[in-house]
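Per UniProt numbering, the very first residue in the sequence shown carries number 1; after that it's consecutive.
Below is one structure, written out as structure tokens; comments come after it.
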Amino acid sequence: MVECFPTLLQNISGEKAKLLEWVLDCLYGHVKQLLRALSKNPGKRKASDDCSEEEDGSIGCRLSAVAGFFTALNDQVLKKEPRTAEYGENAVVLRCLMMFLGQIAVLDLRSRAGTTVPRDARLSAEELVRNISKRFGDLMKLSISKNAAWEGHEKKIAGEDGDRDVPEPMSPACRAVLAWMVLAEGVEPDSVPCVYSSRYMFEQNLENITFLLSHSSDHAVAKGVALCSNLVSRLCLEEYCSSDLDNIDLTGLPCHLGRAVVYCSLDEVRKGALTALVAYMKCFQCEARHTLYCRMLQVEKHSGLRGFVVDLYRQDLYATLKGGIRDDPHMGANLESFLEIATSDLLSQEKINILDYSDCVLAVLNLVWYFTSAMSHQGQIFGMTNPSVFAVARAYTEKVRKFVDHTRAYYTAELEDNKKTAKGGTKQRKDGLFPSLPPEQEAEFLKTALTRLDLIESVLVLAEDGVAQWANK
């Protein structure tokens, strides 16, 4: 049926923009209904396969037909002189092309390893982008344009240079998927003029990156990670300084990447987000990077992500000591403020299960152990360190010791009760730590927890020794 529309439209004389709009809206509504299921309850679907193979083939087939329809329309336009093409028709087609492109954000359009023929959905997306480039030459401008008004009856096609006006405001999904296809996937690279600097392209696409990273679909998040990685790789080391931190989009990106690292169910995407986060931090000068670390710790509550940030700080501290830099922002009062923020989640508690905080606890203890053990080798540099740094470190190690002992006693008692249950004791299963698990599985979990506590305690001993040695000096 779709194949008949171009011929039908070609045989209609006069103004046909309205009929064309009806046809395209009909096609768009049909495809949107098919894709709507993919964006509902994403947690109930397998992350690597948002839809079944049958559904995927059905959607790919329909997208292929739609892309072919647009190609046929463009072929008709190319046969005309540029100035005779109806501007209203161009506006309608460009708007619908972008709308279709935005809808496929939830599809997995990545090239798969080991496959020689891309899937229909991927080929259709590429064809849509090629058709967009025929209607609007500068795809970079189109992907970052937000609020350009579209008044078709008042505007005309531009002059001999072939430039055309930006269409009506489009949804963030349309612009974001277009940016991903062009910049990250390299589709129609000649449609991005060389006049754009890497920094400009990155900053202008921050909204697109943030939209994709915040999407509920893992495949949309994957597109955001890929777009971010591509644009960050073009930036120079220490491109940004502290004065650039007034840009909330720049300071907010690490948290969006961090959430992708923690919550995305695609292992490849999590690793990519982690790599992108490290690379992004290196784009800031040392003082700005210190500020970003502190802001992330103030916002993020996930123990693993907090621990990762502390490890990044420790690596920067190592580079500082290795280079013998005296006025480095990671030293002195800044080290104290960072340590206070990193330890605040634990110091403010009175009674917790320390295993819930184990990733961050291990990272902070490693940091304390490192700078206290390095003090003897870098005495002059650490001479500038505020004594309150070690007061915070001492308070933290004492608190960790208290929580480790409390948690160990709790899990040890649970393990003893579990052994009694396994031997046919009187303990009811509903009273266990995990009543739904068989005694054997619960015992394995408890033993693993105690092993984790042993690891924490081994690093804690090293940190305590380091703090004690400093106190003696």
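Cβ coordinates follow ideal geometry from the N, Cα and C atoms, glycine included.
Since the model is a prediction, treat every value here as computed from it, not as a measurement.
Contacts around residue i, its chain only, beta-carbon distance under 6 Å, and the 5 residues preceding and following it disregarded
{"i": "Ala468", "result": "none"}
{"i": "Leu462", "result": "Trp369"}
{"i": "Lys32", "result": "Gln103"}
{"i": "Val261", "result": "Arg270, Ala273, Leu274"}
{"i": "Ala363", "result": "Gly307, Val310, Asp311"}
{"i": "Leu34", "result": "Ile59"}
{"i": "Cys287", "result": "One detail in the question is off: residue 287 reads as Glu in this sequence, not Cys. The residues are Ser242, Pro329."}
{"i": "Tyr411", "result": "Leu446, Ala449, Leu450"}
{"i": "Ala105", "result": "Ala173, Val177, Ala220"}
{"i": "Tyr280", "result": "Val232"}
{"i": "Asp218", "result": "Ala47, Cys264, Ser265, Leu266"}
{"i": "Val299", "result": "Cys255"}
{"i": "Ser373", "result": "Gly466"}
{"i": "Leu27", "result": "Val66"}
Which residues DSSP lists as bridging residue i, in chain order
{"i": "Tyr240", "result": "Phe284"}
Nearest candidate by alpha-carbon position, reference residue i, set the options
{"i": "Leu97", "options": "Ser64, Leu213, Asn418, Gly258", "result": "Ser64"}
{"i": "Glu340", "options": "Val129, Asp356, Arg394", "result": "Arg394"}
{"i": "Ala333", "options": "Cys283, Ala279, Gln298, Val392", "result": "Val392"}
{"i": "Gly307", "options": "Ile352, Asp359, Leu335, Met296", "result": "Asp359"}
{"i": "Asp311", "options": "Val278, Gln298, Cys283, Val93", "result": "Val278"}
{"i": "Ala67", "options": "Pro254, Cys194, Leu128", "result": "Leu128"}
{"i": "residue 483", "options": "Gln285, Ser217, Ser265, Phe211", "result": "Lying outside 1 to 473, the shown extent of the chain, residue 483 is not represented and no answer is given."}
{"i": "Gly252", "options": "Leu213, Ala222, Cys236, Ser265", "result": "Leu213"}
{"i": "Pro90", "options": "Ala105, Val106, Phe100, Leu73", "result": "Per the sequence presented here, residue 90 reads as Asn, with Pro not at that position. Nearest of Ala105, Val106, Phe100, Leu73 to Asn90, Cα basis: Leu73."}
{"i": "Ser303", "options": "Tyr357, Met99, Ser458, Val92", "result": "Tyr357"}
{"i": "Ser344", "options": "Lys301, Lys18, Lys322, Pro435", "result": "Lys301"}
{"i": "Leu123", "options": "Gly137, Ile354, Arg135, Leu107", "result": "Leu107"}
{"i": "Ala443", "options": "Glu416, Ala125, Asp465", "result": "Glu416"}
{"i": "Val389", "options": "Trp470, Val361, Gly323, Leu346", "result": "Trp470"}
{"i": "Met170", "options": "Met99, Leu20, Thr421", "result": "Met99"}
{"i": "Thr421", "options": "Leu19, Tyr410, Pro438", "result": "Pro438"}
{"i": "Ser216", "options": "Leu266, Gly186, Glu185", "result": "Leu266"}
{"i": "Arg199", "options": "Val221, Cys174, Leu250", "result": "Leu250"}
{"i": "Leu455", "options": "Ala342, Arg408, Gln441, Ser373", "result": "Arg408"}
{"i": "Glu440", "options": "Arg452, Gly424, Cys26", "result": "Gly424"}
{"i": "Glu336", "options": "Ser348, Ala222, Lys141, Leu317", "result": "Leu317"}
{"i": "Phe338", "options": "Phe403, Arg295, Asn353, Pro435", "result": "Arg295"}
{"i": "Ala222", "options": "Ser436, Cys194, Met181, Trp22", "result": "Met181"}
{"i": "His256", "options": "Phe434, Thr320, Glu207", "result": "Glu207"}
{"i": "Lys402", "options": "Leu109, Val23, Asp120, Glu457", "result": "Glu457"}
{"i": "His290", "options": "Arg36, Leu27, Ala342", "result": "Ala342"}
{"i": "Arg175", "options": "Lys18, Cys194, Phe211", "result": "Phe211"}
{"i": "Val404", "options": "Arg110, Cys26, Arg36, Arg452", "result": "Arg452"}
Close beta carbons around residue i, own chain, < 7 Å, minus the five adjacent residues each side
{"i": "Ser133", "result": "Leu139, Glu188, Ser191"}
{"i": "Arg314", "result": "Asn366, Leu367, Tyr370"}
{"i": "Arg130", "result": "Glu188"}
{"i": "Leu305", "result": "Gly258, Val261, Val262"}
{"i": "His153", "result": "Confidence is the limiting factor: at His153 the pLDDT is only 34, short of 50, which leaves the residue's position unreliable, though a coordinate-based value still follows. Once the five neighbours on either side are set aside, His153 has no close Cβ partner at all."}
{"i": "Glu239", "result": "Arg199, Cys283"}
{"i": "Asp75", "result": "none"}
{"i": "Tyr196", "result": "Met140"}
{"i": "Glu21", "result": "Val92"}
{"i": "Asp161", "result": "Only weak support is given to the placement of Asp161: the predicted model assigns it a pLDDT of 43, under 50, and the value that follows is read from those uncertain coordinates. There are no such residues."}
Residues near residue i in its chain [Cβ-Cβ closer than 8 Å; skip 5 each side]
{"i": "Asn205", "result": "Ser143, Ile144, Ala179, Leu183, Leu227, Leu231"}
{"i": "Thr397", "result": "Leu365, Val368, Leu460, Ala463, Glu464, Val467"}
{"i": "Arg62", "result": "His30, Val31, Leu34"}
{"i": "Arg234", "result": "Ser198, Met201, Phe202"}
{"i": "Thr84", "result": "Note that Thr84 has pLDDT 45, beneath the 50 cutoff, so the model's placement of it is unreliable and the number below is only indicative. So the list is empty, once near-sequence residues are dropped."}
{"i": "Glu151", "result": "Interpretation of Glu151 is limited by its pLDDT of 38, a score under 50 that renders its predicted location unreliable; no figure is taken from the coordinates."}
Any chain B beta carbon closer than 8 Å to residue i
{"i": "His215", "result": "Given the protein chain composition of this structure (a single chain), no chain B is represented."}
Integer-rounded CB distance, given that residue j should sit under 8 Å from residue i
{"i": "residue 479", "j": "Pro254", "result": "With the chain covering 1 to 473 only, the question about residue 479 has no answer from this structure."}
{"i": "Ala125", "j": "Leu94", "result": "Not quite, the Cβ-Cβ distance comes to about 16 Å (not below 8 Å), so this is no contact."}
{"i": "Leu237", "j": "Lys282", "result": "6 Å"}
{"i": "Ile209", "j": "Gly224", "result": "5 Å"}
{"i": "Lys351", "j": "His406", "result": "7 Å"}
{"i": "Val400", "j": "Leu346", "result": "7 Å"}
{"i": "Ser229", "j": "Ala276", "result": "4 Å"}
Notebook entry, point to check: Where are the alpha helix (DSSP H) runs, 4 residues long or more, that stay fully inside the segment 332 to 356, in chain order?
Noted result: 333 to 347
Item checked: Within the segment 200 to 260, ranges of the alpha helix (DSSP H) (whole runs, at least 4 residues) -> 206 to 213, 218 to 232
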